[in-house]
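*Asks:* My numbering applies: residue -6 is where the sequence shown begins, and numbers increase by one.
A virtual CB, placed ideally from N, CA and C, is assigned to each residue, including glycine.
Computed from a prediction, not measured in an experiment: that's the story for all the values here.
Below you'll find the structure I mean.
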Amino acid sequence: MPPHDPKALFKLLHEAPLEAPPQTLLEAPPLYYLPGLISAPDACDLRDRLRQELDWQQPELTLYGRSHPIPRQQVWMGDHAYRYSGRDFEPCPWHPSVAALRDRLNGLLERFSAGDKRTPTSAFNSVLINRYRNGEDRMGWHCDNEAELGDCPTIASISLGATRPMRFRWKDRSSEAFNVWLESGSLLWMGPGCQQQLEHALLPRKIPGERINLTFRRLIV
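Laid out in structure tokens, this is it:
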């Protein structure tokens, strides 16, 4: 474990200012990328803490009548239960550092909305945390469009650890698919319309190292 003070890390995650404006990857739907939301040393420290301190699960999914463990580990954290990929997940309590990130992202809602009235003014209240132990762990093509998220959800995704590409493709195949390389400590902001028009995936790659990804969202209950 890096010799960082957990209280100092908590304060940094909660209060550190943004050092650069986000990069606009798409204007419609709004897709933004912000490298360096968390410094490289602090991102590694947070990844290690979450790996050691969270109760990681690897549930099974049934495909064509056969059960298979999902190719990653995950934790559902938040204020409410969630139904995802045909399964119900009860939330575990907020980890202090994850709660600090949640509060910081809630402070960015107005900045990223750019006047878009579809962006929720109410706060993120849940997060799905995925642990990709190596380049073989993966997430298939999907969009985050569960009914509990509302009609036009905003998803804020923070990456910790190994740099891997998130692959995007248009549902109507009107344009070419594209990659967004997600560096450690970065924020990917998927605004209203992204889940309606795009699908995304984390495909297997021969990339060493572990990656933890936190996708914050608001459940409507």
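(1) In terms of residues, what are the limits of the alpha helix (DSSP H) holding Ala33?
(2) Does Val91 pass the burial test, meaning 16 or more other C-beta atoms within 10 Å, or should it be called exposed?
(3) Mind checking who Glu176 pairs with in its DSSP beta bridge?
(4) Could you check what DSSP says for Glu141 in three-state terms: helix, strand or coil?
(5) With H, G and I counted as helix, E and B as strand and the rest as coil, what does DSSP make of Pro197?
(6) To the nearest angstrom, how far is it from the Cα of Gln51 to the Cα of Arg126?
(7) Please state whether DSSP places Gly133 in a helix, a strand or coil.
(8) Whose CA, out of Pro62, Gly143, Gln188, lies closest to the CA of Ser165?
*Replies:* In short, the structure shows the following:
(1) Ala33 -> alpha helix (DSSP H) spans 33 to 46.
(2) Classification of Val91: buried, given that the 10 Å Cβ count is 16 or more.
(3) Beta-bridge pairing links Glu176 to no other residue.
(4) Glu141 falls in the helix class under three-state DSSP.
(5) Pro197 falls in the coil class under three-state DSSP.
(6) Going from the Cα of Gln51 to the Cα of Arg126 covers about 12 Å.
(7) Residue state, collapsed to three classes: strand.
(8) First, the amino acid is wrong: residue 165 is Asp here, not Ser. Considering only alpha carbons, the answer is Gln188.
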